[in-house]
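Report on one structure; see the data block that follows.
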Amino acid sequence: MQRREFLKHLGVATGASVLPFLKYLPAEAAGRSDTLVVVSGSGINSLDLHRKGTNRPSYQVTVNIYDRLVRFGVKTLEDGSLAYDSTKIEPEVAESWTVSEDGKSLSFKINPKAKFWDGSPVTAHDVKWSFDRAVSLGGFPAVQMKAGSMTKPEQFVVVDDMTFRIDIPAPSKLTLPDLAVPIPFIINSKVAKAKATEKDPWATEFLHKTAAGSGAYKMARWDPGQQFVYERNDDWALGTKPGVKRVIVREVPSASTRRALVERGDADLYMNVPAKDAKEFEEGGKVGVSGAPIDNCLHVLALNLKHKPFDNVKVRQAIAYALPYKEIVAAAAYGRGKPMFGGKDMTPADITWPQPFPYDQDFDKAKALLAEAGLKDGFETTLSFNLGLADWQEPTALLIQEALGKIGIKAKLDKIPGANWRTAALVEKRLPMHLENFGGWLNYPDYYFFWAYKFGHLFNSSNYKNPEVEKLVDETLHMETSEPQYVENVKKLISIAFEDVPRIPLYQPYLDSAMQKNVSGYASWFHRQLDCRGIAKV
Amino acid sequence: MRRHLKHLRYVMGENPVTVFAFSLFTLILFLAIFGPWITPYDPLATEAANTLKPPSWDHLFGTDHLGRDVFSRVIAATRLDLGIAVSAVALSFLLGSALGCSAGFWGGWTDRIVGRFSDTIMAFPLFVLAMGIVAAMGNTVENIIYATAIINLPFYARVARAETAIRRNAGFVHAARLTGSGEVRILATQLFPNILPPMMVQISLNMGWAILNAAGLSFIGLGVRPPAAEWGIMVAEGANYIVSGEWWLAIFPGAALMLAVFCFNLLGDGLRDLVDPLRRT
Amino acid sequence: MGSRLIQVGRRLAQALPSVFGVIVISFVLTRALPGDPAVYFAGAMADEESIEQVRRALGLDRTWIEQFLIYVGNLANGDWGMSLSTGRPVTEELMQRLPASLELTLLGLGLAVAVAVPLGVLAATRPDSWVDHLCRLLVTAGVSLPTFFTGLFLVYIFYYLLGWAPSPLGRLDILYLSPPQVTGFYVIDSLIAGDGETLGAALAQLVLPAATLGLFALAPIARMTRAAMLGALGSEFVRTARAGGLSSAVVLGTYAFRNAALPVLTTLGMVFSFLLGANVLVEKVFSWPGIGSFAIEALVASDYAAVQGFVLAMALLFVCVNLAIDVILTLVDPRVGLDE
């Protein structure tokens, strides 16, 4: 408190008011207890998620200041921490919905209590305009909408002012959950259309810098590169009123500085804490850690079948038997990862996903397999990893390099900067051996296989092509989980993954956040961003 | 020879700091040459069970986040860092002096082009130029050397040009011409040795700067590739562990780095005293 | 005065080819960066089609020559392009961030001068004594450590352990809003607004990063001061002044120092430009929203317009600073003309 005292005296000396923040923060006496200070490593670059070039951290803004038709519920985990519940879909702007007999139409009744910040009610017209925008602007938003079978504006129908309908070509279990992801947010179309021009019919210039929504928080202030501030929308009627009046998110690029700030109590919440810091915070006891394994996400070692000798399944299995799994979880993940090795059988017992693969470190087995493949003296290759994720990828890569050396595989390490990673790994798919960390937003194993095992799909950086997998995924993707065929298909997919291992799972990562003891209500979300709406300061 | 030795002893006597610098330099050179043979552990061997242990008799400087022995890594890094510094500066010096001498000797268009070229390089914020070059060409040790060499070129070019221009009409140059030496020969054998003294200081200062440059690049992720042991990258990685209390990861390589750069800086002064007593500062 | 202006004009004209060279090199360099901004900004899960869309929207599907001509044309109109990573025009970014870096660098330079010049003078008055050697050791030590290391170390000691320094969160502590914008320098703006609280807060945030930068600048300034003072103290007019019976204080201050000021000023110019470049690392450690951190983000994201804009701005700044130094030199010492 020394510093604050000093400044207070300075204020008194120059005749300013005694309580510094009263003079500077707007309106009501907002003490520290009403403000949540969050530190983050990366800054946002737009308030418009549909815009091209909007970076990942900006998704957080959309989550808090815009509403969607529905949202996921929240559940409590064994250790008491909160996480989103992928099986529970709750109303948000839509107060109820029905699905037609043939499953091809979903109708939503709009909650009359849903109001935009300017007081006007949310209508089906606003929903349609926003959804049309989501599929028309292209880029990532369009791709994500496609996963829910939503591709054309014709699919969105305004039945009347308060009723909105989505028509899909075939029934799909993914459509409803896809409405709860950050992408299909609802914009105040009257305000936006007023700012649209001929060249810019979707008002991208306007919405990029100014939000026009109905969400629980409003954007009070955005200083690019430094911070942004949320202020609570006291008229929000679509859920429990958020506990914190003001949230200040400050951009702090250096991880050590973020840690120092949290430890000294100058920051309340720190999202996405590196595993080591999370472990130490927990052990220290002063700072609370809330973490949960990220659903449908795996840290894997991917092998590229277009590069010999990885096209030989025996070589891939040999590598799977050589990896230092325990050391990786201990040294790279600091224990903040669910082990994905040591499974019992080559066929899965159930369809939990992710689940441990039936491999563990066994150099004899590895060498035998290599010999069978005709490579008993080993070979040379390159192991690439993403510099932007160096905190877990670098130690992992080093440990793997060392272990592979013991069976004769000489791997040269290749550090690729974050900006170039996607091109090299996912678009060109040219890396022979690399670390990968795809996590699907929708929590279904077939969804994971769709993105990571289907040939030509973005996250299939292994160039893996298996006609049986293609057929199974296409069949299963839109199948309801309650159908008996579903379980059978998924089990088959998993056993193929066990056998072929184009991707060797290392562990399922945790998403850890650190916070002061007086912060409650934090939940881990699939989008890995901060949802402030449930947080309160005790 | 005896005269030179006597002069050396005189200069050393006058300036204990220079003695210190020279001894340090000898130590660094020794470690660079013999380092890999005298390390107690393999600088690249990881040991997941033994991570982040504080300094002890077993591991003089402790172990890092992968269980590697910090002491061995610091010693092994001497060779790489010295190598980077010497190569970068040598390249820079040779190219820069060649360009500068040509500019100073022949004047005219050569002078103008070289002048513009070095002005353009100097107009860049130097560290950013190094960042850009390494980012564009990839972060290998060779590219770091090239980048450092390029950004230091202008200094040498300038000095070389100035010194050559002053002397190009001196008597001994005319004499050499009269005896039939070609222009290039004159430049190489007559003029070049005369401009060496002022360059010496610049060279040793630049060596220190080259190491710091590599360290800075490592901090933003554009330095040498792991698992290479290099002081800069050890400090950059270790910096993140200071706040959590594992100070030894950054302090020891940092101290080694500081001593080396320190040594080169002081060496520059000592060399200047040795070579030209009139210009002692 | 007219001839002075002509000389200044001629100097500017001489600098133009370098500036053009900078534009060309930064253009080529950014295009040589391995990242593909189209992919980066098409975002996660984008497929070939959407990436192509983004590429066309960014104008990256044209040839290099075309892109270059378009870029130069835009520059002439004052349009420096749009930064992809922050979504704002490059000029806006630079205008906002440059004062932040300048404030930091100037304060760092000021601190360095305040310490280095007296040290240099002290060393010059007692050459070869232990004081001299000690000064040399101290300043050399300051310049021998990587700036980010010094920065982190200072943060650790003064903020984390002792709690004396404010949290390294940037230019102002969270509870303060920035003073109304006049120059962009918080210190000056809060003085203009008569706002003592903010002034104190801004200064408090500036101390550690400025000290880090200053440490680095100590050596060249101290050395040059010492060398120049030694030169001045050994000169004829000083000997005359001493012989004439003037006190050593007067000799030191009025005669020696004034004449030693010139080379020191030149060094200051060089050090200032150098510090602007070295800012990059310090800004990262202290979360300072200056051009350095902007440059790193832009480089990593292969944000062409931002990198080019940054480099061009720095080059222009460098040219201006050098020109200013030259002009000041001629004002201080009429012997020094502006011509080469």
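Chains as they are written, first to last, in my numbering: chain A, 1 to 538; chain B, 539 to 819; chain C, 820 to 1159.
Just so it is clear, CB atoms sit at the ideal spot from N, CA and C, and this is done for glycine as well.
Using DSSP bridges, identify the partner residues of histidine 434 of chain A.
In the DSSP assignment, the residues bridged to histidine 434 of chain A are A/Ala302, A/Ser384.
Applying the criterion that 16 or more other CB atoms from any shown protein chain within 10 Å of the CB defines a buried residue, is arginine 1042 of chain C buried or exposed?
Taking every protein chain shown into account, the CB of arginine 1042 of chain C has 16 or more other CB atoms within 10 angstroms, so this residue is buried.
Going along chain C in order, which residues have a C-beta closer than 7 Å to the C-beta of leucine 804 of chain B?
Against leucine 804 of chain B, the close residues of chain C are Thr959, in the order they occur along the chain (beta-carbon pairs closer than 7 Å).
State the Cα-Cα distance for the pair leucine 323 of chain A and glutamate 885 of chain C, rounded to the nearest angstrom.
Rounded to the nearest angstrom, the two C-alpha atoms are 50 Å apart.
Three-state secondary structure (DSSP) of valine 490 of chain A:
Note: valine 490 of chain A maps to helix in three-state DSSP.
Would DSSP call aspartate 649 of chain B helix, strand or coil?
Under the three-state reduction of DSSP, aspartate 649 of chain B is assigned to helix.
Determine, for methionine 796 of chain B, whether the minimum Cβ-Cβ distance to residues of chain C falls below 8 Å.
Chain C, which has a Cβ nearer than 8 Å to the Cβ of methionine 796 of chain B, makes this yes.
Contacting positions in the stretch 755–772 of chain B - beta carbon closer than 7 Å to chain A
Result list: Gly759, Arg763, Pro764, Pro765.
Between the CA atoms of glutamine 1000 of chain C and aspartate 1014 of chain C - distance to the nearest angstrom:
Our two residues, aspartate 1014 of chain C and glutamine 1000 of chain C, have alpha carbons roughly 13 Å apart in a direct line.
DSSP three-state label for arginine 71 of chain A, please.
Strand, per DSSP.
The beta strand (DSSP E) that contains glutamate 475 of chain A, what's its start and end?
Careful: glutamate 475 of chain A lies outside any beta strand (DSSP E), inside the alpha helix (DSSP H) at 467–476.
Using a 10 Å radius around the Cβ and a threshold of 16 neighbouring Cβ atoms, would you call cysteine 1139 of chain C buried or exposed?
So cysteine 1139 of chain C counts as exposed.
Nearest-angstrom Cα distance between valine 932 of chain C and valine 273 of chain A?
It is roughly 40 Å from the alpha-carbon of valine 932 of chain C to the alpha-carbon of valine 273 of chain A.
In terms of DSSP beta bridges, what is glycine 337 of chain A paired with?
Paired residues: A/Pro509.
Are the stretch 662–670 of chain B and the stretch 712–732 of chain B in contact at 8 Å, needing three or more beta carbon pairs?
No: the two stretches stay apart, fewer than three of their Cβ pairs being nearer than 8 Å.
Give the residues of chain C in contact with leucine 664 of chain B, contact being defined as C-beta atoms less than 8 Å apart.
For leucine 664 of chain B, the C-beta contacts it makes with chain C under 8 Å involve Phe1093, Gly1096, in order along the chain.
Could you say which of A/Phe108, A/Asp295, A/Val473 lies nearest to isoleucine 166 of chain A if we only look at CA atoms?
Minimum Cα distance to isoleucine 166 of chain A is reached at A/Phe108.
Under the assumption that glycine 642 of chain B contacts arginine 699 of chain B (Cβ atoms under 8 Å), give the Cβ distance between them as a whole number of angstroms.
So it is a contact: roughly 4 Å between Cβ atoms.
Applying the criterion that 16 or more other CB atoms from any shown protein chain within 10 Å of the CB defines a buried residue, is leucine 303 of chain A buried or exposed?
By the Cβ neighbour-count rule, leucine 303 of chain A is buried, with 16 or more other Cβ atoms within 10 Å of its own.
Is it right to say alanine 559 of chain B is buried, meaning 16 or more other beta carbons lie within 10 angstroms of its own, or is it exposed?
Alanine 559 of chain B should be labelled buried.
Members of the stretch 558–578 of chain B that neighbour chain C once the beta carbon cut-off is set at 7 Å:
Identification of residues in the stretch 558–578 of chain B having a C-beta nearer than 7 Å to some C-beta of chain C yields an empty set.
Could you please tell me which residues of the stretch 411–441 of chain A, in chain order, have their CB closer than 8 Å to any CB of chain B?
Identification of residues in the stretch 411–441 of chain A having a C-beta nearer than 8 Å to some C-beta of chain B yields Leu413, Asp414, Lys415, Pro417, given in sequence order.
What three-state label does DSSP hand leucine 19 of chain A in the structure shown?
Confidence at leucine 19 of chain A is low in this model, with a pLDDT of 32, below 50, so its placement is unreliable and the value that follows should be read with caution. In this structure, leucine 19 of chain A counts as coil in the three-state DSSP scheme.
Below 8 Å on the Cβ atoms is my contact criterion, and I expect proline 505 of chain A with phenylalanine 357 of chain A to pass it. Report the Cβ-Cβ distance as a whole number of Å.
Contact flag correct, Cβ pair sits at about 5 Å.
Check the Cβ-Cβ distances between threonine 1002 of chain C and every residue of chain A, and say whether any is below 8 Å.
With 8 Å as the cut-off, threonine 1002 of chain C does not count as an interface residue toward chain A.
Beta-carbon separation of leucine 809 of chain B and valine 555 of chain B under 8 Å?
Going by beta carbons, leucine 809 of chain B and valine 555 of chain B fall outside the 8 Å limit.
For tyrosine 325 of chain A, is the classification buried or exposed, using 16 other Cβ atoms within 10 angstroms of its Cβ as the cut-off for buried?
Per the 10 Å Cβ criterion, buried.
Can you pull out the residues from the stretch 692–712 of chain B whose beta carbon lies closer than 7 Å to at least one beta carbon of chain C?
The stretch 692–712 of chain B vs chain C, Cβ under 7 Å: nothing.
Kindly indicate which three-state DSSP category lysine 286 of chain A falls into: helix, strand or coil?
In this structure, lysine 286 of chain A counts as coil in the three-state DSSP scheme.
In chain order, what residues of the same chain have a beta carbon less than 6 Å from the beta carbon of phenylalanine 21 of chain A, not counting five sequence neighbours either side?
Note that phenylalanine 21 of chain A has pLDDT 35, beneath the 50 cutoff, so the model's placement of it is unreliable and the number below is only indicative. If we look at phenylalanine 21 of chain A and ignore the five residues flanking it on each side, it has no Cβ neighbours.
What does the alpha-carbon distance come out to for the pair arginine 264 of chain A and glutamate 470 of chain A?
Each residue's alpha carbon lies about 53 Å from the other.
Taking the alpha carbon of asparagine 312 of chain A as the reference point, which residue from A/Val501, A/Trp129, A/Val487, A/Asp362 has its own alpha carbon closest?
Looking from the CA of asparagine 312 of chain A, the closest CA among A/Val501, A/Trp129, A/Val487, A/Asp362 belongs to A/Val501.
Does the Cβ-Cβ distance between glutamine 226 of chain A and glycine 989 of chain C come in under 8 Å?
Yes. Within cutoff.
Closest residue to glutamine 516 of chain A among A/Gly103, A/Phe526, A/Ile535, A/Arg528 (Cα-Cα distance)
It is A/Ile535.
Taking leucine 750 of chain B as the query, report the chain C residues whose CB atoms sit under 9 Å from its CB, ordered along the chain.
The contacting residues are Val962, Ser963, Leu964, Pro965, Thr966.
Proximity below 8 Å, CB of aspartate 607 of chain B to CB of tryptophan 769 of chain B:
No. Outside cutoff.
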